[in-house]
Amino acid sequence: MKKFGLVVGLVVAAVFLLKAQEGGPPAGPGSTGSRNPAADAARAAAAERGRALFKQNCSACHAEDATGGRGPDLIRSTLVRHDKNGELIGPVITTGRVEKGMPAFSSFTDSETADVVAFLQTQITLFDLHTRFGPYPNDIPAERLATGSVEAGKAYFNGPGGCNNCHSPTGDLAGIAKKYNPPDLEVRFLYPSGTPSTAVVTLPSGEKFEGTVVLNDGFYIGIQCKDGWYRSWPMSAVKAEVHDPLAAHAALLEKYTDADMHNLFTYLETLK
Amino acid sequence: MRGVFALVLFACFFPASLPAQELDPGKILQPPTDSWPTYNGDYTGRRYSPLTQINRENVGSLTLAWAFQTHSRSLQSMPIEVNGILYISGGNEIWAVDARTGRQVWHFARPGAPLGGGNKGVAMWKDRLYMTTPDAQLLSIDARTGKLIWQIPIADPALKAFGGVAPLVIRDHIIIGTSGDTADLPGFLLSIDPLTGSVQWRWDAMPKPGDPAWNSWPHDTDVGTRGGGMTWITGTYDPGLNLLYWGTGNPHPVENGDARVGANLYTCTIVALNPDTGKLVWYFQSSPHDTHDWDMVMTPVLFDGTFHGKPRKMLAQAGKNGLFFVLDRTNGEALISEAFVPANWVAGYDPRGQPIPRQDKEPQPDGALVTGGVGTNWQAPSYDPETHLFYVNSRESMGVFYLTMPGKSAEGWAGRDFFLSNKSMLKAIDVETGEVRWTANTQGRGGQSGILSTAGHLVFTADMSGNLVALDASTGKVLWHIYPGGPFGTGPMVYELDGRQYVVFLDDSIAYAFALPSL
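Taken in sequence, the protein lines are chains X and F. Just so we're aligned, residue 1181 is where the first sequence starts under our numbering, counting upward by one. Just so we're aligned, residue 2 is where the second sequence starts under our numbering, counting upward by one.
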């Protein structure tokens, strides 16, 4: 397993691809990514007005986040999902569904209806982005993850974890908790992917080449040498010693308990 | 092209004077030789070919026979081949290609996202093709010309449902499933009339009141009537028992288990249905109360043999949850329930052989470290009846799972997961013991691709570095490899025409056909 580093790197890269291999839904009109900041701001303002209207008039039955309660869940509502600009939702608001217990809000103006629609669309986007296909939220607060003990984390850092063999809280890790948002910090100390392996390749002549591993598929070894040139050889023709700078992280990953992870995070979060 | 159309025209006027180019559904009952007429080659899902021209003695001299450029990308569909024509699909497109020469016969393209949906392949019934699309339609297409005959909606794309699964043809039933993990949709199977497009039956993954499975969900909220159990990988079929086998996907909300205390049937379940009625005959839940998105849609592979001295009709599945099962496919009795990669989420097994999940390894607000996940993915495994080995591309991985949307009103994903370091390898599992007989490290070999085994004593697949490889079926030793340049998103398929055996890999945008050097 001396070539583990590259394998891991490739695999981590591949995992992202694989997660999408089920095949996501096609990007549609509901996709985000507008290039019109003014329109975005107007939509956000409308959604905020809609949120207030929704809270005051609708939340008793549909819940403040529109996920439903006594009344239907509007996030998953087929009618809401098919609505573009209030043409489907508007009549339901103004005439109600009396037979199902929903009163008519006949005083709602067109612009108020539009604001409620904007709010519902925002909520739908929020919930849909909670799928794997959306960007993960960076707003997992530190206090949610910092459920361990600073002292136990520090002891693990300097003891069984062996972190202090390579890292120092006053050296390379000084201010680390300011540098990364909480989930990034945790994922990075668990397994900081992206650091390439290095290799020393010895030719039959005894000549040695040293560099960063680019290719290591069991058939060929390819490295970016210190002189800047890429070179490759059939694996069978050379001796290759590969060094994975993340080997200690990979080994530790198999040993962590959940408590170790929480303690270590809680300690690292103090390094501000 | 003109020649092809002339031939078609000729066949129209003199239908009895030429061999039929269409597919008799009965052909799928035979082991695949001159054709690969369905997603898995035949109904068993073994992805095993009796062809021997390419074998472990000569595979080292395998060479390129032809290549076909689709100008698409990241294709992950399984081509089928019937009477000398390959049908390759992706997104909203199909290419009909001469299986001897790699020359295009026709190209079908409809409006819409070309790549969405992760299309897995087409099915053929007589002179028609069937395809599910990114906007959740089922298309019926004339196989002679590539012209659309009809299309019907199968689910609501406004609710982020989408198609992609390769349909399965059983007699006069076109059986399809659906995909969509966003808006808590319920999964189902539909049987469609091949001529009219009308629904013959529907089986729902979410149970109804009166079904004992109804009680595997809480009903103080509507969670038990909402979502889960997507059916996005093609099932298998036993004509003797007249049973259709299909795996179902995860429950919703995906990573919040508190909102749906219970086993959550029929999600993450292997179901056996009567293909004429859609009635459930038995089920085995391979991942009860899943909270990690471990869809258990992986192919239920069918084979017969002796198990501990007794003849058995068996079904094996290697799951995304890291567990390997061998069942008696007449009744769902578990013969083997065993992890094929480390799986720390398993507390034990219930009397039926179904795993019991550990509650502390469900996604937590402050994270839980979980192994076992994505032990394998949807890419098809293979079973070789000569070696009695089940080949699966596996991953040993550690993931951290966060519950980001707690509470009973959670919807959609409701959590976040990050997969950290991984070790990928191809494993050959003994189906009588569940033990791994050999492992090929996929730094070179195996990985996340589909697998094909042949009577040439070979296993074909691809590795994590993008190499296509052939391995000795008994030892895992690499006997041939080539780097074609793209990600290989599906599995290899094989056929023999005019006495020449072809192995086809659809790699990124290009179909490569390999064969022994021609004289």
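Note that beta-carbon positions come from the ideal geometry of N, C-alpha and C, so glycine has one too.
7 Å Cβ cut-off: residues of chain X touching residue i
| i | result |
| --- | --- |
| GLU567 (chain F) | Residue numbering for chain F in the displayed model covers 2 to 520; residue 567 (chain F) lies beyond these limits and cannot be assessed. |
| LEU370 (chain F) | TYR1436, ASP1438, MET1441 |
| ASP221 (chain F) | None at all; the shortest Cβ gap to chain X is about 12 Å. |
| PHE419 (chain F) | VAL1367 |
| SER422 (chain F) | VAL1188, TYR1371, ALA1430, LEU1433 |
| HIS482 (chain F) | PHE1399 |
Bridge-paired residues (DSSP) for residue i
| i | result |
| --- | --- |
| MET79 (chain F) | Looking at the DSSP assignment, MET79 (chain F) forms no beta bridge with any residue, so it has no partner. |
| VAL371 (chain F) | F:GLY400 |
| ASP239 (chain F) | F:LEU244 |
| HIS482 (chain F) | F:VAL470 |
| LEU190 (chain F) | F:TRP204 |
| ALA340 (chain F) | F:LEU324 |
| MET132 (chain F) | F:LEU140 |
Start-to-end residues for the alpha helix (DSSP H) that takes in residue i
| i | result |
| --- | --- |
| LYS161 (chain F) | Note, LYS161 (chain F): premise wrong, no alpha helix (DSSP H); not H, not E. |
| PHE1369 (chain X) | 1362 to 1370 |
| PRO1271 (chain X) | 1269 to 1275 |
| LYS1359 (chain X) | 1356 to 1359 |
| THR270 (chain F) | Looking at the DSSP string, THR270 (chain F) is not in any alpha helix (DSSP H); the run it does join, the beta strand (DSSP E), is 270 to 274. |
| HIS1242 (chain X) | 1239 to 1242 |
| SER1291 (chain X) | 1290 to 1308 |
| LEU507 (chain F) | Segment 501 to 508 is the beta strand (DSSP E) holding LEU507 (chain F); no alpha helix (DSSP H) there. |
Residue range of the beta strand (DSSP E) that includes residue i
| i | result |
| --- | --- |
| CYS1405 (chain X) | 1400 to 1405 |
| HIS174 (chain F) | 174 to 177 |
| SER422 (chain F) | 416 to 431 |
| MET494 (chain F) | 494 to 498 |
Where residue i meets chain F, residues with beta-carbon distance less than 9 Å
| i | result |
| --- | --- |
| ILE1255 (chain X) | ALA184, ASP185, GLU412, GLY413 |
| LEU1325 (chain X) | PRO366, ASP367, GLY368, TYR403 |
| LEU1432 (chain X) | Those do not exist, as LEU1432 (chain X) stays about 10 Å from chain F at its closest Cβ, beyond 9 Å. |
Residue i versus residue j - alpha carbon distance
| i | j | result |
| --- | --- | --- |
| ARG353 (chain F) | ARG203 (chain F) | 27 Å |
| ASN84 (chain F) | GLU23 (chain F) | 8 Å |
| TRP218 (chain F) | GLU334 (chain F) | 24 Å |
| ILE483 (chain F) | PRO1414 (chain X) | 13 Å |
| LEU1353 (chain X) | LEU1268 (chain X) | 55 Å |
| GLN54 (chain F) | GLY1341 (chain X) | 55 Å |
| LEU1300 (chain X) | PRO1271 (chain X) | 15 Å |
| GLN138 (chain F) | SER180 (chain F) | 12 Å |
| PRO1315 (chain X) | LEU1306 (chain X) | For PRO1315 (chain X), the predicted structure reports a pLDDT of 48, less than 50, and the residue's modelled location is therefore unreliable. The matter cannot be settled from this model. |
| LEU1233 (chain X) | ASP1397 (chain X) | 60 Å |
| CYS13 (chain F) | LEU130 (chain F) | Its pLDDT being 47, under 50, CYS13 (chain F) is placed unreliably by the model, and the measurement read from it follows with that caveat. C-alpha separation (whole angstroms): 18 Å. |
| SER208 (chain F) | ALA214 (chain F) | Looking at the sequence shown, residue 208 (chain F) is not Ser but Pro. Roughly 6 Å separates the two Cα atoms. |
| GLY61 (chain F) | SER78 (chain F) | 27 Å |
| THR462 (chain F) | GLY1391 (chain X) | 31 Å |
| ILE125 (chain F) | SER288 (chain F) | A small fix is needed here, since residue 125 (chain F) is Met in this sequence, not Ile. Approximately 32 Å, taken between the alpha carbons. |
| THR307 (chain F) | TRP379 (chain F) | 27 Å |
| LEU370 (chain F) | LYS362 (chain F) | 7 Å |
| GLY1210 (chain X) | ALA1221 (chain X) | Any reading at GLY1210 (chain X) needs caution, since the residue's pLDDT is 39, under 50, leaving its predicted position unreliable; the model's value is listed next. Near 17 Å, if we compare the C-alpha coordinates of ALA1221 (chain X) and GLY1210 (chain X). |
| GLY4 (chain F) | MET494 (chain F) | Because GLY4 (chain F) sits at a pLDDT of 47, beneath the cut-off of 50, its placement in the model cannot be relied upon, and the following sentence gives the value as read from the coordinates. About 27 Å. |
| GLU1244 (chain X) | CYS1238 (chain X) | 8 Å |
| LYS280 (chain F) | ASP194 (chain F) | 17 Å |
| GLY417 (chain F) | PRO1321 (chain X) | The sequence shown places Arg at residue 417 (chain F), rather than the Gly named in the question. One C-alpha to the other measures close to 14 Å. |
| GLY500 (chain F) | ILE89 (chain F) | 23 Å |
| GLU1449 (chain X) | ASN1345 (chain X) | 19 Å |
| GLY451 (chain F) | THR1302 (chain X) | 40 Å |
| GLY1189 (chain X) | ARG101 (chain F) | Legend: pLDDT at GLY1189 (chain X) = 35, less than 50; position of this residue unreliable, value from coordinates given subsequently. One C-alpha to the other measures close to 39 Å. |
| PRO112 (chain F) | PHE1445 (chain X) | 49 Å |
| PHE489 (chain F) | ILE511 (chain F) | 10 Å |
Chain-ordered chain X contacts of residue i [CB-CB under 9 Å]
| i | result |
| --- | --- |
| ALA468 (chain F) | A small correction: the amino acid at residue 468 (chain F) is Asn; Ala does not occupy that position in the sequence shown. Here the neighbours are ASP1397, GLY1398, PHE1399. |
| ASP157 (chain F) | THR1258, ARG1261, HIS1262 |
Per-residue contacts from residue i into chain F (C-beta, under 8 Å)
| i | result |
| --- | --- |
| ARG1411 (chain X) | Here the premise fails: no neighbours, minimum Cβ distance about 17 Å. |
| ALA1226 (chain X) | Here the premise fails: no neighbours, minimum Cβ distance about 21 Å. |
Neighbouring residues, chain X, relative to residue i (Cβ below 8 Å)
| i | result |
| --- | --- |
| LEU160 (chain F) | ARG1256, THR1258, ARG1261 |
Chain-ordered chain F contacts of residue i [CB-CB under 7 Å]
| i | result |
| --- | --- |
| THR1247 (chain X) | SER410, GLU412 |
| PHE1307 (chain X) | GLU412, GLY413 |
Point to revise | Segment contact, 8 Å Cβ cut-off, at least three pairs: the stretch 233 to 250 of chain F with the stretch 168 to 180 of chain F | key: yes
Check your understanding: Given 8 Å as the limit, is there contact between the stretch 140 to 155 of chain F and the stretch 99 to 115 of chain F, that is, 3 or more CB pairs closer than that?
Key -> yes
Exercise for review: State whether the stretch 32 to 49 of chain F contacts the stretch 1362 to 1371 of chain X, with contact taken as three or more CB pairs (one from each stretch) at a distance under 8 Å.
Suggested key: no
Exercise for review: Could you tell me whether the stretch 285 to 301 of chain F touches the stretch 428 to 445 of chain F, using the rule of 3 or more Cβ pairs below 8 Å?
Suggested key: no
Review point. Using 8 Å as the Cβ pair cut-off and three pairs as the minimum, do the stretch 317 to 329 of chain F and the stretch 399 to 414 of chain F touch?
Key: no
Review point. Three or more beta-carbon pairs under 8 Å between the stretch 1320 to 1338 of chain X and the stretch 1433 to 1442 of chain X, yes or no?
Key: yes
Check your understanding: Taking three-plus beta-carbon pairs below 8 Å as touching, is the stretch 1402 to 1420 of chain X in contact with the stretch 453 to 473 of chain F?
Key -> no
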